[in-house]
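Q: Provided herewith is a single structure, encoded as structure tokens, for subsequent inquiry.
Numbering (the numbering used here), first residue to last: 418 to 703.
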């Protein structure tokens, strides 16, 4: 299989006559190719933006006079061997799969209700961190296993897109795990004071109002990060079929204003976690 570092447009090679061209040792009707706007690229592909076929042996297709191709192989086919991304991707996928088992065990252990339910301390409050861990593990498995095909595809396509999407889903979700862990720790510290004397801390003071609004602020910034980063056209991210294309199409898309704004909202979420931690230490620890 040929290796190309660029994706330049090539002129169709000369054939037996003016309306004939030879690609991969096979004769093609040049008039038909031009009628359907096909272009030959130096990476061994033939494309008209709707279809893309490999042209090198043993994947060279055959062209009928009506423009129909036979025995085609799509440019977006896993032809290459296992690449550098595969081993760490598989290892991380297995790791997240194993972590899922321990998360389920801990959810059952720490999420179980042993005392009567109280309005002030609900059981689901201590389960959220484990729910988020399950979601992150699922995204981590998907991202890890899809990385195998990132290198195997002859031209980058959906494996790279899926890998990127699941990665971006993991980022705010991982931060949510930290938030719920810190919030639960603060709630547990509060309960150490509440259990001996239920009236020692009021729910209507500044401390209580702060604890009411902090989750809203954190998840507000978290969802803003999600909506700025994930719901978007991810197709340009896969346009890395040559260094020039990656520089001109993929790089601007991957570093646009929406991604940068999402990073700012994520940083504000992180600051909210720090504020919550300092708040709990100030009010509930000696």
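Using N, Cα and C, we set each Cβ at its ideal position, and we do this for glycine too.
1) Between which residues of its own chain and residue 711 is the CB-CB distance below 6 angstroms, once the five residues before and five after are set aside?
2) Could you tell me which whole alpha helix (DSSP H) segments of length 4 or greater appear in the region 612 to 686?
3) Looking at the unbroken alpha helix (DSSP H) that takes in residue 443, where does it start and where does it end?
4) Please state whether DSSP places residue 499 in a helix, a strand or coil.
5) Hey, is the region 512 to 524 in contact with the region 554 to 561, meaning 3+ C-beta pairs nearer than 8 angstroms?
6) Apart from the five residues just before and just after residue 444, which ones in its own chain have a Cβ nearer than 8 angstroms to its Cβ?
7) So does the region 584 to 597 actually touch the region 656 to 665, counting three or more Cβ pairs closer than 8 angstroms?
8) Below 7 angstroms between beta carbons: does that hold for residue 676 and residue 655?
9) Report the rounded CA-to-CA distance for residue 525 versus residue 601, giving the unit in angstroms.
10) So, for residue 559: in the same chain, excluding its five sequence neighbours on each side, which residues have a beta-carbon less than 6 angstroms away from its beta-carbon?
11) Use the C-beta contact count for residue 513: other C-beta atoms within 10 angstroms, 16 or more gives buried, fewer gives exposed.
12) How about residue 635 and residue 689: do their beta carbons lie closer than 7 angstroms?
13) Would you mind sorting residue 686 into buried or exposed? The rule is 16 or more other CB atoms within 10 Å of its CB.
14) Out of curiosity, what's the CA-to-CA distance linking residue 420 and residue 469?
15) Is DSSP giving residue 461 helix, strand or coil here?
16) Check this for me: beta carbons of residue 562 and residue 510, under 7 angstroms apart or not?
17) Start and end of the alpha helix (DSSP H) containing residue 568?
18) Which same chain residues, not among the five before or five after residue 564, have their C-beta less than 6 angstroms away from its C-beta?
19) Helix, strand or coil, according to DSSP, for residue 694 in the structure here?
20) Counting C-beta neighbours from all protein chains within 10 Å, is the total for residue 682 16 or more, i.e. buried, or is it exposed?
A: This is what the structure gives:
1) Given that the chain is displayed from residue 418 to residue 703, the structure contains no residue 711 and the question cannot be resolved.
2) 623 to 646, 668 to 671
3) For this step, residue 443 is matched to residue 26 along the chain shown. Looking at the DSSP string, residue 443 is not in any alpha helix (DSSP H); the run it does join, the beta strand (DSSP E), is 443 to 446.
4) As a position in the chain shown, residue 499 is number 82, starting the count at 1. Coil at residue 499, not helix or strand.
5) yes
6) Looking up residue 444 in the chain shown gives position 27. Cβ neighbours of residue 444 beyond the five flanking positions: 432, 433, 437, 438.
7) no
8) Taking the chain shown and counting its residues from 1, one reaches residue 676 at position 259. Taking the chain shown and counting its residues from 1, one reaches residue 655 at position 238. Not closer than 7 angstroms, so no.
9) Here residue 525 refers to the residue found at position 108 of the chain shown. Here residue 601 refers to the residue found at position 184 of the chain shown. If I take the Cα positions, the gap works out to 16 angstroms.
10) As a working mapping, residue 559 is identified with position 142 in the chain shown. Correct list, in chain order: 583.
11) Mapped onto the chain shown, residue 513 falls at position 96. It is buried - the Cβ of residue 513 has at least 16 other Cβ atoms within 10 Å.
12) Taking the chain shown and counting its residues from 1, one reaches residue 635 at position 218. Taking the chain shown and counting its residues from 1, one reaches residue 689 at position 272. Contact: yes.
13) Counted from its first residue, the chain shown places residue 686 at position 269. With 16 or more other Cβ atoms within 10 Å, it is buried.
14) Within the chain shown, the letter at position 3 stands for residue 420. Within the chain shown, the letter at position 52 stands for residue 469. At residue 420, the pLDDT of 42 sits below 50, so the modelled position is not reliable; the number obtained from the coordinates is stated separately. Taking the straight line joining both Cα atoms gives about 17 angstroms.
15) The residue given as residue 461 occupies position 44 in the chain shown. Correct three-state label for residue 461: coil.
16) Residue mapping note: residue 562 aligns to position 145 of the chain shown, counting from 1. Residue mapping note: residue 510 aligns to position 93 of the chain shown, counting from 1. Going by C-beta atoms, residue 562 is nearer than 7 angstroms to residue 510.
17) Your numbering for residue 568 matches position 151 in the chain shown. It spans 545 to 569 - the alpha helix (DSSP H) in which residue 568 sits, taken as one unbroken run.
18) Residue 564 sits at position 147 when you count from the first residue of the chain shown. Excluding sequence neighbours, residue 564 sits near 502, 506, 580.
19) Locating residue 694 in the chain shown gives position 277, where the first residue counts as 1. Three-state result, residue 694: helix.
20) Your numbering for residue 682 matches position 265 in the chain shown. Buried: at least 16 other Cβ atoms inside 10 Å.
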